[in-house]
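In my numbering, the protein residues as written are 829 to 901.
Written out below as structure tokens is the structure these notes cover.
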């Protein structure tokens, strides 16, 4: 069984992440969203950043980057 590494596509505020997520879902790309601040809060730690991360499968990277260009984020 091979392990696939996802690629970080975007880091930014939740509102932009939601906009990108909506556009990606229209073309059937299902990214992984990481919210390190929320994870830290749930674990009982603090965090200074409220940014979220969007990660995509390597096979979807090119198409996802095109969408980012169109959205101008």
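No residue lacks a Cβ here, since even glycine has one placed at the ideal position from N, Cα and C.
Residue i, enclosing beta strand (DSSP E) - first and last residue
i           : result
residue 888 : Per DSSP, residue 888 belongs to no beta strand (DSSP E) and is neither H nor E.
residue 860 : 860-862
residue 838 : 835-840
Contact under 8 Å by Cβ, residue i with residue j
i           : j           : result
residue 836 : residue 883 : yes
residue 844 : residue 863 : no
Buried versus exposed call for residue i [16 or more other C-beta atoms within 10 Å across all chains shown]
i           : result
residue 859 : buried
residue 890 : exposed
residue 838 : buried
residue 888 : buried
Extent of the continuous alpha helix (DSSP H) to which residue i belongs
i           : result
residue 857 : Neither: residue 857 is in no alpha helix (DSSP H) and is coded neither H nor E.
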